[in-house]
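Visitor:
Number of protein chains: 2
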Amino acid sequence: MSGRGRVPSGQPTIADVARHAGVAVSTVSYVLSGKRAISEMTRSRVLASIRLLGYHPNAGARALASRRANVIALVLPLRSGIQVPVVMQFATAVVTSARRHDHDVLLLTSDEGPAGLHRIAAGALVDGLLVMDVELHDGRVPLLRDLGRPSVLIGLPAESRGLTCVDLDFERAGQVCVEHLATLGHRRVALLGAPAAVYDRGTGFAHRTRAGVLAAAARHGVHAVALPCEENAAEVHRRVADLFARHPGITGLVVQNEAAVGPVQATLAALGRRIPRDVSVVAVCPDQFAEHTSPRLTRVPVPADQIGQQAVSLLMRKLGDEPAPEVTLLPPRLTVGDSTAAAATVDTSLP
Amino acid sequence: MSGRGRVPSGQPTIADVARHAGVAVSTVSYVLSGKRAISEMTRSRVLASIRLLGYHPNAGARALASRRANVIALVLPLRSGIQVPVVMQFATAVVTSARRHDHDVLLLTSDEGPAGLHRIAAGALVDGLLVMDVELHDGRVPLLRDLGRPSVLIGLPAESRGLTCVDLDFERAGQVCVEHLATLGHRRVALLGAPAAVYDRGTGFAHRTRAGVLAAAARHGVHAVALPCEENAAEVHRRVADLFARHPGITGLVVQNEAAVGPVQATLAALGRRIPRDVSVVAVCPDQFAEHTSPRLTRVPVPADQIGQQAVSLLMRKLGDEPAPEVTLLPPRLTVGDSTAAAATVDTSLP
DNA sequence: GCCGAGTGTCGAAGCGCTTCGACGACGGGT
DNA sequence: ACCCGTCGTCGAAGCGCTTCGACACTCGGC
Chain A
3 MSGRGRVPSG QPTIADVARH AGVAVSTVSY VLSGKRAISE MTRSRVLASI RLLGYHPNAG
63 ARALASRRAN VIALVLPLRS GIQVPVVMQF ATAVVTSARR HDHDVLLLTS DEGPAGLHRI
123 AAGALVDGLL VMDVELHDGR VPLLRDLGRP SVLIGLPAES RGLTCVDLDF ERAGQVCVEH
183 LATLGHRRVA LLGAPAAVYD RGTGFAHRTR AGVLAAAARH GVHAVALPCE ENAAEVHRRV
243 ADLFARHPGI TGLVVQNEAA VGPVQATLAA LGRRIPRDVS VVAVCPDQFA EHTSPRLTRV
303 PVPADQIGQQ AVSLLMRKLG DEPAPEVTLL PPRLTVGDST AAAATVDTSL P
Chain B
3 MSGRGRVPSG QPTIADVARH AGVAVSTVSY VLSGKRAISE MTRSRVLASI RLLGYHPNAG
63 ARALASRRAN VIALVLPLRS GIQVPVVMQF ATAVVTSARR HDHDVLLLTS DEGPAGLHRI
123 AAGALVDGLL VMDVELHDGR VPLLRDLGRP SVLIGLPAES RGLTCVDLDF ERAGQVCVEH
183 LATLGHRRVA LLGAPAAVYD RGTGFAHRTR AGVLAAAARH GVHAVALPCE ENAAEVHRRV
243 ADLFARHPGI TGLVVQNEAA VGPVQATLAA LGRRIPRDVS VVAVCPDQFA EHTSPRLTRV
303 PVPADQIGQQ AVSLLMRKLG DEPAPEVTLL PPRLTVGDST AAAATVDTSL P
């Protein structure tokens, strides 16, 4: 036993590589980082040794010395009313693009609260943060401001100064839906929005969509009602039946809630209203989902991939101390399916 | 300017705490880790300084010195046919319980492949791995074996020796569903399983459920057919209609696919078969989902929370060098809803 | 009154990496 | 022939933490 040595980790270290290649440790480091010129000969010799020994730099040591962990945090919502598949799509998009920038992703849930963010950021476990599902008046915003680490929000709080935010332009999305219906001659439409709880906590995308719908309706002389919409079949049924009882002339529906689409279809069928003959339906939902319903939905997809990618790019820019725009809103794109058609002459004799 | 010093990070270090509390650095460390006895007086003085300075240990330094990153990797599937909400539930359960063990979670997607796992593990970014959606003959299994880091699989590969696996006992789940139907007097049942692609790649849970269904059926003298089931409405409709055309006597349905439940209900309605009067339906799906359908489903939930928690516990045990069982199968629990009832006298005059 | 077994604390040696300054070797301008 | 700038490499100093051995003390037992 040689004194107080601990057991070696087993993994080869940069010193092993240096020894094997017959160069200094720092040279190996520079080969890896490219921060100084290295002759082609040395370079290839070092790389060969690295491959041969199966060397992987120790993340902790690297983080300690360089003050960069090459890890970003992804703060996901765990709340009710979130659109699970969309969130999942975000997450994978974020992981994939982060890897493309040579970063890994640490998964946080908001339920550890501000303390969690603080712990992570202060402990230098991550270099920057990506925060999803931001509310209009989000308590985490001031925290992010003085966390001392770059961050990007997915979503748009009421006050975005000094922050970096990315999102779909939900207001435009709402407008686009209504404009599509208006063009088809619909004069009375309704928005089946997010669950009431989502509006209550002031989640941006729900409010902005509603605002867009109402604004576009007003502009085009369309009568519009907006109501929240829960995700379970029974409740959807009740709401939709009630809606048509009150407003029998409605011929256009904008559905914001992927989970509600199925029940809405079923309810319309039960009410004897066919899609798109009697009622046209536009949904805000993933393309993949829309393609699998019958009839195929006319929809405005939430481009989770793009948003995720964009968010990562912006965060990387900030990590590199480059300036980043405060607000990036991606333009919505409406894809016409088979669930919308020209408005029929109003037939008030419908049941 | 004092020579070659770099800019200090801004965060207080353990040395700052030690100085402030008037003790040695090592004493602070021992207060934090509890690995040596510290007098109550010193202890509280140190803790006060920590709080006052807002000290958070640097994760990199800690990882480097202790050879433990206090981070585990969660390897999520990104494939088609996965049950997104269930995966999400897993993920959150894992994050939450990991935090309870003072660990964070690094999110990996399998699409970086084995190289990704290797990079992470060799670089000591994580102490252990949690791998989801394991296939019967999963290519990652041999890799995990010689990765040199503890791992726990969620799912059950064909050969589980030397591994640690957690899952719902899907075989029993299948049995329980059939037994429930058999007890109610059903004599012809069908399993609408996972999408064909899921069987093709040999995903354990799908195969095991099918085996359980068929075995229980045989044992109870029930006639059973099992068929894969895609997730889009049109396809479901085709399959189900075809099924009843071929086997008009079927009165019991086991549906394994949350996404298929809605379309199945719609199809049955379209075929003029009422639930549960004409057809009883048992689903393998989350409780929350089952509660929101009408009628409320009889179901065997996948206890994603429990599985996730259990997986983390096992991984922690392995990280502490304690032995862990190779296979942990959680017993399924059937909850009776309103979608199953006693089999009606066979009425072959049905359309 | 002395020994041995704790207790509580300290100092120092790393953990594996990055980065800074230094320095020899070379080459082009004058 | 000389100086200077550039290129390629090296050595060493940390980064902030854990952990080991050492070293006072205190206390009970004989």
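Listed in order, the protein sequences are those of chains A and B. Residues in the first sequence are numbered from 3 upward in steps of one, following the numbering used here. Residues in the second sequence are numbered from 3 upward in steps of one, following the numbering used here. Glycine included, each C-beta is placed from N, C-alpha and C at the ideal position.
Can you give the Cα-Cα distance for L352 of chain B and A220 of chain B, rounded to whole angstroms?
Guide: Position 350 of the second sequence, counted from the first residue, corresponds to residue 352 of chain B. Position 218 of the second sequence, counted from the first residue, corresponds to residue 220 of chain B. At L352 of chain B, the pLDDT of 46 sits below 50, so the modelled position is not reliable; the number obtained from the coordinates is stated separately. L352 of chain B and A220 of chain B: Cα-Cα distance of roughly 26 Å.
Visitor: Assuming C287 of chain A is part of the beta strand (DSSP E), what are its boundary residues?
Guide: In the first sequence, residue 287 of chain A corresponds to position 285, counting from 1. No beta strand (DSSP E) contains C287 of chain A, which DSSP labels as neither H nor E.
Visitor: Verify the CB distance criterion: does Q13 of chain A have a CB-CB separation below 9 Å to chain B?
Guide: Translated into the one-based positions of the first sequence, residue 13 of chain A becomes position 11. Q13 of chain A counts as touching chain B.
Visitor: Going along chain B in order, which residues have a C-beta closer than 7 Å to the C-beta of G125 of chain A?
Guide: What you label residue 125 of chain A is simply residue 123 of the first sequence in a count that begins at 1. Residues of chain B passing the Cβ test: H58, P59, N60 and A61.
Visitor: According to DSSP, which residues form a beta bridge with D169 of chain B?
Guide: Reading the second sequence from its first residue, position 167 is the one you call residue 169 of chain B. Paired residues: B:L331.
Visitor: Would S329 of chain B pass as a contact of C167 of chain B if the rule is Cβ separation under 9 Å?
Guide: The sequence position of residue 329 of chain B within the second sequence is 327, counting from 1. The sequence position of residue 167 of chain B within the second sequence is 165, counting from 1. For clarity, residue 329 of chain B is Val in the given sequence; the question names Ser instead. In contact: V329 of chain B and C167 of chain B (Cβ atoms closer than 9 Å).
Visitor: Find the residues of chain B that neighbour M90 of chain A, judging by a C-beta separation of less than 8 Å, and give them in chain order.
Guide: Here residue 90 of chain A refers to the residue found at position 88 of the first sequence. The answer, in chain order, is V86, V89 and M90.
Visitor: So for S351 of chain B, helix, strand or coil by DSSP?
Guide: Your numbering for residue 351 of chain B matches position 349 in the second sequence. Annotation note: pLDDT 45 at S351 of chain B (below 50); position unreliable, no value reported.
Visitor: Quick one: is A357 of chain A buried, meaning 16 or more other Cβ sit within 10 Å of its Cβ, or exposed?
Guide: The question about residue 357 of chain A has no answer, for chain A in this structure spans 3 to 353.
Visitor: Please state if the CB of P159 of chain B and the CB of G195 of chain B are separated by a distance shorter than 9 Å.
Guide: For the purposes of this step, residue 195 of chain B is identified with residue 193 of the second sequence, where counting begins at 1. For the purposes of this step, residue 159 of chain B is identified with residue 157 of the second sequence, where counting begins at 1. No; because the gap between Cβ atoms is not below 9 Å, this pair is not in contact.
Visitor: Run through the region 89-113 of chain A for me and flag every whole beta strand (DSSP E) of 3 or more residues, listed as ranges in chain order.
Guide: Counting whole runs of 3 or more residues, the region 89-113 of chain A contains the beta strand (DSSP E) stretches 106-111.
Visitor: When you compare the CB of R53 of chain A with every CB in chain B, is at least one pair closer than 9 Å?
Guide: As a working note, residue 53 of chain A is residue 51 in the first sequence. No, R53 of chain A lies away from the interface with chain B (no Cβ there is under 9 Å from its Cβ).
Visitor: What whole-angstrom Cβ distance do I277 of chain B and P297 of chain B have, given they're in contact under 8 Å?
Guide: For the purposes of this step, residue 277 of chain B is taken as the residue at position 275 of the second sequence. For the purposes of this step, residue 297 of chain B is taken as the residue at position 295 of the second sequence. Confirmed, Cβ separation roughly 6 Å.
Visitor: Tell me, to the nearest whole angstrom, how far the beta carbon of L299 of chain A is from that of S341 of chain A; I am working on the premise that it is less than 8 Å.
Guide: The residue given as residue 299 of chain A occupies position 297 in the first sequence. The residue given as residue 341 of chain A occupies position 339 in the first sequence. With a Cβ gap of about 5 Å, L299 of chain A and S341 of chain A count as contacting.
Visitor: I'd like to know whether the C-beta atoms of L108 of chain A and L78 of chain A end up nearer to each other than 9 Å.
Guide: Residue 108 of chain A sits at position 106 when you count from the first residue of the first sequence. Residue 78 of chain A sits at position 76 when you count from the first residue of the first sequence. No. Outside cutoff.
Visitor: Can you name, in chain order, every residue of its own chain whose Cβ lies under 7 Å from the Cβ of A95 of chain A, other than the five neighbours on each side?
Guide: On the first sequence, position 93 is the one that residue 95 of chain A refers to. Answer for A95 of chain A: A306, D307, G310 and Q311, listed in chain order.
Visitor: Under 8 Å Cβ-Cβ, which residues of chain B neighbour V97 of chain A?
Guide: Translated into positions along the first sequence, residue 97 of chain A becomes position 95. Going along chain B in sequence order, the residues near V97 of chain A (Cβ under 8 Å) are L109, L110 and T111.
Visitor: Is there a Cβ from chain B that is less than 9 Å from the Cβ of R6 of chain A?
Guide: To locate residue 6 of chain A, count along the first sequence from 1; it is residue 4. In this predicted model, R6 of chain A has a pLDDT of only 47, less than 50, meaning its place in the structure is not dependable; the value taken from the coordinates is given anyway. No, R6 of chain A lies away from the interface with chain B (no Cβ there is under 9 Å from its Cβ).
Visitor: Please compile the residues from chain B whose C-beta is within a distance smaller than 8 Å of the C-beta of T295 of chain A.
Guide: Numbered from its first residue, the first sequence carries residue 295 of chain A at position 293. Within chain B, the residues near T295 of chain A are N234 and A235.
Visitor: Does any residue of chain A bring its CB to less than 9 Å from the CB of A93 of chain B?
Guide: Mapped onto the second sequence, residue 93 of chain B falls at position 91. By this cut-off, A93 of chain B is an interface position.
Visitor: If we define contact as Cβ-Cβ less than 9 Å, is L78 of chain A a contact residue for chain B?
Guide: On the first sequence, position 76 is the one that residue 78 of chain A refers to. Yes - at least one Cβ of chain B is within 9 Å of the one on L78 of chain A.
Visitor: Quick one: using the 10 Å Cβ neighbour count with 16 as the cut-off for buried, is P303 of chain A buried or exposed?
Guide: The residue given as residue 303 of chain A occupies position 301 in the first sequence. P303 of chain A should be labelled buried.
Visitor: Using CA atoms only, rank isn't needed, just tell me which of A:A313, A:G164, A:S282 and A:L316 is closest to R301 of chain A.
Guide: Position 299 of the first sequence holds residue 301 of chain A. The shortest C-alpha separation from R301 of chain A is found at A:S282.
Visitor: Tell whether a beta-carbon distance below 9 Å holds between V224 of chain B and V180 of chain B.
Guide: In the second sequence, residue 224 of chain B corresponds to position 222, counting from 1. In the second sequence, residue 180 of chain B corresponds to position 178, counting from 1. In contact: V224 of chain B and V180 of chain B (Cβ atoms closer than 9 Å).
Visitor: Please list, in chain order, the chain B residues whose beta carbon lies closer than 9 Å to that of A268 of chain A.
Guide: Numbered from 1 along the first sequence, position 266 holds the residue referred to as residue 268 of chain A. Correct list: G264, Q267, A268 and A271.
Visitor: Kindly say whether S351 of chain B, judged by its beta-carbon, lies nearer than 9 Å to any beta-carbon of chain A.
Guide: Here residue 351 of chain B is taken as the residue at index 349 of the second sequence, counted from 1. In this prediction, S351 of chain B has a pLDDT of 45, which is less than 50 and means its spatial position is unreliable; nothing more can be read from the coordinates.
Visitor: Got a sec, what are the start and stop residues for the beta strand (DSSP E) G130 of chain A sits in?
Guide: Position 128 of the first sequence, counting from 1, holds the residue named residue 130 of chain A. Counting along the chain, the beta strand (DSSP E) containing G130 of chain A begins and ends at G130 to V133.
Visitor: Does the contact criterion of 3 or more C-beta pairs under 8 Å hold for the region 42-60 of chain B versus the region 99-107 of chain B?
Guide: Flag = no, the region 42-60 of chain B and the region 99-107 of chain B do not touch.
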